[in-house]
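Residue numbers (our numbering): 1167 to 2176. Notes follow once the structure below has been shown.
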Amino acid sequence: MSIKKIIISFLISSGIIFSQINIRSVESFSVEDGLSQASVHSIFQDSRGLIWLGTEGGINKFDGYAITPFHTIDSRKVLTSRGTIFSIIEDHLGDIWYGSSGVLSRLHIHSEKPENLNQLLNDNSLEFGVVQCVFEDSQNNIWFGTFGQGFYKVSSDFKEIKNYRNDPDSTGDSSLDYVRHFYEDENGIIWIATYKGLVKFNPRTEFIDNVFENITGFNHTVIYKIIPFQNKLLLFTGSKGILIYDPRSEIVDDFNKNFNLQLKEYSLRDAVFDKEGNLWISAYGAGVIIWNSRKNTLQNISELLDQKIRSQLLESLSILIDRSGIVWIGTQRDGLIKLIPGKEKLNSINASESKYDTIESYFATAVSKHENGDIWFASSSGLYKINRNTKIAVRLSLSNEFTPYMMKIYNIIFMKNKAWLSLVKNLIKYDVQNDRYEKIEFDCKGNITEVFQLDEEHLIIGTSFGELFVYNTANDNTKKFSIPDSKNMQTSVLDCYLDDSKQLWIGTNNGLYIANPYIDSVVVTEIKLNLKIDYISSLTSFDNKKIWFTTYGDGLFAYDKVTSQLEHFTHQDGLPDNILYAALFDDNNKLWMSSNRGVFEFDPIKKTVRTLDPKDGIQSYEYNSKAFSKSKDGELFFGGINGFDHFYPQDIVVNQIPPKILIDKVLLYDSVVVNNISESYNEILEFDHFENSISFEFSALDFTNPEKNNYEYMLEGINKSWIKAGTKRYATFPNMNPGQYRFVVRGTNSDQVFNEEGVALTFVIHPPFWATWWFRLILISSALLILYSIYKIRMINQDKRIKEIEAIRKRIADDFHDDLGHKLTRISLYSEMIRNQDEFGTNKQLYLDKISEASNSLFYETKDFIWSLDPGNDSVYDVLIYLKDFGDDFFNRSTTSFKVNEIDEKYKKYTLPMKWKREIILIFKEVMNNVLKHSQASSAEMEAEISNKNLIIRLCDNGKGFDTEKNYTNGRGLTSINKRAKIVDGKIEIQSDENGTTVQLSLIVPEERK
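See the structure below:
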């Protein structure tokens, strides 16, 4: 018998009552979607909300957006993507463990780097078979079961590993060798599912008890899964259906004999309870079977799905229900299947379902509901009346006559059991009960584009040429008025709205207008808005204070009737599209709109958006103008290219579970720094100052419809408010300054329910060392120390200089005192000799000359003394000026002319010690004296130059010269000159011949003024 026949036999002949489980949507994932291999043996959701998939090609991670495969390090320390992953767990540290062929691996969650058990134990000799299950007990020990080599316990510190198995030399029971699943009860007892029954293991005593060993009929039972249930254990087997074991009475029995008559035909590989108490069972060969624990009923969900998905589910291997209630099923060869239980969010009549054979085209142009519940639907193929209870759609007779014009039916209005329709230039009055109609023709230039109910008796008729009529349905009277042709463009009336002050608001393709239709002479006034796009597709209001209108291309507007202020909302504010067709307020004052990107709800107070797309059950993404209405009982209708949707907004089920938020990656210049950061992550990342361009990728782990999850983020330290990212899942911050930052991201599920807390990551960008506080402190301290040292050095030098000056002054004073005393004595002696002329002879004039000479010498020495003591005369410039003045005066009384070359002002910046300037002056005074006394020169010339602080002073004459060899040895003057030159660290050079003599002093100037 084929598998299909077995399933049909099971569903039809078993006599089992089926509970009502609905499947809202189905989605499958294959190798083309990123799976590393099409066989999915295990599915696991970790504490962060990530889905992990164990395939025959390794382990995969799924965040709702992308499937990421990971490699495994095999026993030879080689990275490989091969090996079937039968089991996946998360340990107490948040790392992921998974087993495959001969390898047990741990994936570090933040680095996403794998390492195998041999590395952790530092034992490369460890070998074991295929790992079929992994488990962490309450003491953080890791347990894993193998195919053929029993099970192992690895201590939490990875210092010890122990193998439990049957004696390989024994021919007895081998139940421990093939282990499929572990379960630890509240007493710390570990229950083990094996290929030969149930094993009870006490970790404290290491006592092993094969529970089924002595129970007839159960001792060779293959058990795949253990699930606790009402203080008992449900055992899912390979050939005996579901067994139930009571640990207290030690009795095992069929869970339900009638169920097991059918279930024993299949291998029950996996099972899980949902929040409603339903048990979902992965039955290899039958698909997925649901047991309702409260009603005690079974249902095979395959019959709710199309043929393709049904055949894929037959070979189901694993099953998981995530935190939001989504069911994930792993198959043998068709990858991963996602089932979302529940009803559609809204109702749709569309071409995809094709429930109504009489409807040829579902391209909607108008849709409205009568009070009796019938839906009138106009499409490109005709006008239909749909009874939702009988599922019958009647093609009305108007369709036969006006088939070529059906695209022109834009409105269906119900008044007094009559339906009023627009059709080309005609208004159709339709008898709702008898399928009869009459045609009312209007004298207008264009076609009728709008029919609006003004009150219980009157309609507003608008045309494609800006004409409007107030039509009395009781007496057929009409009153015409028109939109002024101020823009030289054809104006079409698209929608109308009557406010509480009886003002009629008119939306057109050329802007917004207002008129009072109740007065005799109606005047239409344009509302000046300066819109970028004047095409107003619909008008509405909920409080009559603001008029809300949609545009074809520029989003949504709200016009305040009192202040004339205009609010504008576009795609950047969260709208799914800027092309909007219709807007209707529901009974809770939420604004519903249709667009080219589905239907969506807009909260005019909170300014939030909630979207619906084809996965939620709408007819398609694209909608049509004019195909919308709201019934008297609050049901909304929106028509599009594939049919129409109808729903009561309050009945739409909203997923109120906020998603877990994950920072998938932190990247530094596109290189991953850390992965998978959740709310439990408390480390602070640190970066150098040049590592200042950081990016973040993040996910809201709600898998219902991830494309609709929205995000907002903030980088505390840069952003002052939340940045709305929409569906964008990344943020980049380039060129950040050093400092501490905190990145926070929040997100929504597909129903826009926010996780207000989100997830945060703190990181620090360290400043360069020269910008750190300690460096600045060192710098300031060093600067202060240097300043203090300079101050101390200056004070020491100043004291030293003062002492030197005092010594020099004392020396000068002593010299001057000696010279003064000597010369005064001579003057006194010569004066006394003149007074006693008789005693000393008659050389009076000779003595007077000597007195004069002594007095002049005393004058110049006194002048030198005073000048030397003046601290202001310390530059090279001052010394040269002094020598010039002295030379001019000295040679003025002789026949020798004296000349000094130009003394540059730049010499003022070169200073000389007090001792040096006196010695330099005395050197050249001695030279000048020798020129005048001995050289018989007619001219003398002095010049000076400085180059790189090297001072040269040169005195030249044109006298008779002298023998430098002889005078160097015998001359006291030359000896004195050389002695003084050494004092100033200088050098005297003398060149003399019959043409004259040159004396040159060279020295290094010690200081330069700043």
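By construction, the Cβ of each residue, glycine as well, lies at the ideal position given by its N, Cα and C atoms.
Got a sec, what are the start and stop residues for the beta strand (DSSP E) residue i sits in?
i	result
Q1465	1463–1466
S1484	1482–1487
L1399	1398–1403
N1804	Note on residue identity: the sequence assigns Phe, not Asn, to residue 1804. From DSSP, the beta strand (DSSP E) with F1804 extends over 1802–1806.
R1476	Element bounds for R1476: not the beta strand (DSSP E) but the alpha helix (DSSP H), 1473–1479.
N1226	1224–1228
F1631	Segment: none, F1631 is in no beta strand (DSSP E) and carries neither H nor E.
H1795	For clarity, residue 1795 is Ser in the given sequence; the question names His instead. 1789–1796 is the extent of the beta strand (DSSP E) around S1795.
D1375	1373–1376
Q1906	1905–1914
Y1330	1327–1330
Y1879	1877–1882
T1531	1530–1535
G1892	1889–1892
W2180	No information on residue 2180 is available, as it lies outside the stretch 1167 to 2176 that the chain covers here.
G1295	It is not in any beta strand (DSSP E) - G1295 carries neither H nor E in the DSSP assignment.
D1199	Neither: D1199 is in no beta strand (DSSP E) and is coded neither H nor E.
Could you tell me which residues DSSP pairs with residue i in its beta bridges?
i	result
R2181	Residue 2181 lies beyond the range of the chain shown here (1167 to 2176); nothing can be said about it.
Q2166	R2120, E2155
P1280	L1273
K1712	D1726
V1300	F1310
Y1411	L1399, V1418
W1357	Y1349, K1366
H1812	N1513, F1803
I1693	L1678
E1607	N1592
M1961	In DSSP, M1961 forms no bridge with anything.
My understanding is that residue i touches residue j, with C-beta atoms under 8 Å, so please give their C-beta distance in whole angstroms.
i	j	result
L1283	L1292	7 Å
I2112	V2042	7 Å
L1705	G1673	5 Å
V2171	Y2076	5 Å
M1759	L1746	5 Å
Y1725	S1761	Going by Cβ atoms, the distance from Y1725 to S1761 rounds to 20 Å, so no, they are not a contact pair.
L1660	V1636	About 18 Å separates the two Cβ atoms, so there is no contact after all.
L1364	I1389	6 Å
V1345	I1381	At roughly 19 Å, the Cβ-Cβ gap does not stay under 8 Å, so V1345 and I1381 are not in contact.
S2101	K2126	6 Å
Need the endpoints of the alpha helix (DSSP H) that residue i sits in, please.
i	result
E2085	2080–2096
I2047	2042–2057
N1426	1423–1429
Let me know if residue i comes out buried or exposed under the rule of 16 or more other beta-carbons within 10 Å of its beta-carbon.
i	result
E2068	exposed
E2155	exposed
E1478	One detail in the question is off: residue 1478 reads as Gln in this sequence, not Glu. Result: buried.
L1259	exposed
S1518	exposed
T1337	Low confidence applies here, because T1337 scores a pLDDT of 48, under 50, leaving its location unreliable; read the following figure in that light. Exposed is the call here.
S1175	Any reading at S1175 must be qualified, since the residue scores a pLDDT of 37, below 50, and its modelled position is unreliable; the value itself is stated next. Exposed is the call here.
G1354	exposed
G1905	exposed
V1930	exposed
F1373	exposed
S1168	No answer about S1168 holds up, because its pLDDT of 42 lies below 50 and its placement is not dependable.
E1616	buried
R1714	The sequence as given places Trp at residue 1714; Arg does not occur at that position. W1714 comes out buried.
K1171	Confidence at K1171 is low in this model, with a pLDDT of 37, below 50, so its placement is unreliable and the value that follows should be read with caution. By the 10 Å Cβ count, K1171 comes out exposed.
T1629	buried
I1952	exposed
D1700	buried
Y2073	buried
Verify the CB distance criterion: does residue i have a CB-CB separation below 8 Å to chain B?
i	result
G1404	Looking for chain B here will not work: only one protein chain is present.
Practice item. At 3 residues or longer, and completely inside the segment 1628–1688: list those beta strand (DSSP E) runs for me, N to C. Key: Taken in chain order, the complete beta strand (DSSP E) segments of 3 residues or longer contained in the segment 1628–1688 are 1633–1638, 1644–1648, 1659–1664, 1670–1674, 1677–1681.
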